[in-house]
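Residue numbers (this note's numbering): 1360 to 1512.
Even glycine gets a Cβ: it sits at the ideal position worked out from N, Cα and C.
Working notes, beginning with the structure itself.
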Amino acid sequence: MEKIVFVAFSHTLTQEQIEDLSADKIILLSDVNADLAAQCRQIDPTLSSRSVMFIAGWVVLEALKADATHFVCQGEPALAMWANIIASGCSTHSMMHEASHDILYSHILEDRHLNGMTCIQSTTKRELVSEVQDNGKVIKKTVFKHVQWRELF
């Protein structure tokens, strides 16, 4: 079976991440729907949970249209959580079930099912670097180093 990984990231995959995926094909949300990718990079903090769920549903819809076997959504915590729940087929929460049903079944994909996409996430080692400036201010930077891909569900 071909391993097709759909990626909705707020940043570009590193070469190490790409190699570690061992995928036959990697599809980026930004390549198939630039407007949705831009919206996902900066989720409006005033949106309701329901609105974020609907955005997550549209992300999953793009993955399903791409026939993805694996799904990666990281970045904004609520978006990533809801997208992974929908993609894995674990949408038992009544509001989530309604949102996923409305978006994914009624509109386009009535003949497909959600179960089957494996949700994965990149695990990282974080290193905090602090720089004390001449004016007494401290600038903190976090350096992220990919460790491995972890299966979520």
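For Val1366, the residue or residues it bridges with in DSSP: Walking along the sequence shown from the start, residue 1366 turns up at place 7. The bridge partners DSSP lists for Val1366 are Leu1387, Val1431.
Tell me, to the nearest whole angstrom, how far the beta carbon of Val1391 is from that of Ala1442; I am working on the premise that it is less than 8 Å. For the purposes of this step, residue 1391 is identified with residue 32 of the sequence shown, where counting begins at 1. For the purposes of this step, residue 1442 is identified with residue 83 of the sequence shown, where counting begins at 1. The pair is not a contact, with the Cβ atoms about 15 Å apart (cut-off 8 Å).
Of the choices Leu1388, Thr1477, Phe1413, Lys1500, whose alpha-carbon is the least far from that of Leu1487? For the purposes of this step, residue 1487 is taken as the residue at position 128 of the sequence shown. Closest option to Leu1487, Cα to Cα, is Lys1500.
Which word fits Gly1495, buried or exposed, when buried means at least 16 other C-beta atoms lie within 10 angstroms of its C-beta? Taking the first residue of the sequence shown as position 1, residue 1495 is located at position 136. In the assembly as shown, Gly1495 is an exposed residue. Its beta-carbon has fewer than 16 other beta-carbons within 10 Å.
Within 10 angstroms of the Cβ of Ser1481, are there 16 or more other Cβ atoms? Answer buried if so, exposed if not. Working through the sequence shown from its first residue, we reach residue 1481 at position 122. It counts as buried.
Where Gly1416 and Ser1369 are concerned, what is the direct C-alpha to C-alpha distance, given to the nearest angstrom? Here the question's residue 1416 lines up with position 57 in the sequence shown. Here the question's residue 1369 lines up with position 10 in the sequence shown. Annotation: Gly1416 to Ser1369 spans about 17 Å, alpha carbon to alpha carbon.
Got a sec? Which residues, its chain only, sit under 8 Å from Thr1428 by beta carbon, not counting five neighbours each side? For this step, residue 1428 is matched to residue 69 along the sequence shown. Cβ within range, chain order: Met1360, Glu1361, Lys1362, Ile1363, Val1364, Gly1475, Met1476, Thr1477.
CA-CA distance, Leu1395 and Val1491? Reading the sequence shown from its first residue, position 36 is the one you call residue 1395. Reading the sequence shown from its first residue, position 132 is the one you call residue 1491. Taking the straight line joining both Cα atoms gives about 39 Å.
N- and C-terminal bounds of the alpha helix (DSSP H) containing Lys1504: By one-based count along the sequence shown, residue 1504 stands at place 145. That residue, Lys1504, is in no alpha helix (DSSP H); its beta strand (DSSP E) goes 1497-1510.
Just the C-alpha distance for Val1506 and Leu1406, rounded to the nearest angstrom, thanks. Along the sequence shown, read from residue 1 onward, the residue named residue 1506 stands at position 147. Along the sequence shown, read from residue 1 onward, the residue named residue 1406 stands at position 47. Answer to the nearest angstrom: the Cα atoms are 33 Å apart.
Distance between Ile1377 and Phe1503 (C-alpha atoms, nearest Å): Numbered from its first residue, the sequence shown carries residue 1503 at position 144. Numbered from its first residue, the sequence shown carries residue 1377 at position 18. Taking the CA atoms as reference points, Phe1503 sits about 15 Å from Ile1377.
Decide if Val1431 is buried, meaning its Cβ has at least 16 other Cβ atoms within 10 Å, or exposed. Residue 1431 sits at position 72 when you count from the first residue of the sequence shown. Around the Cβ of Val1431, a 10 Å sphere holds 16 or more other Cβ atoms; the residue is buried.
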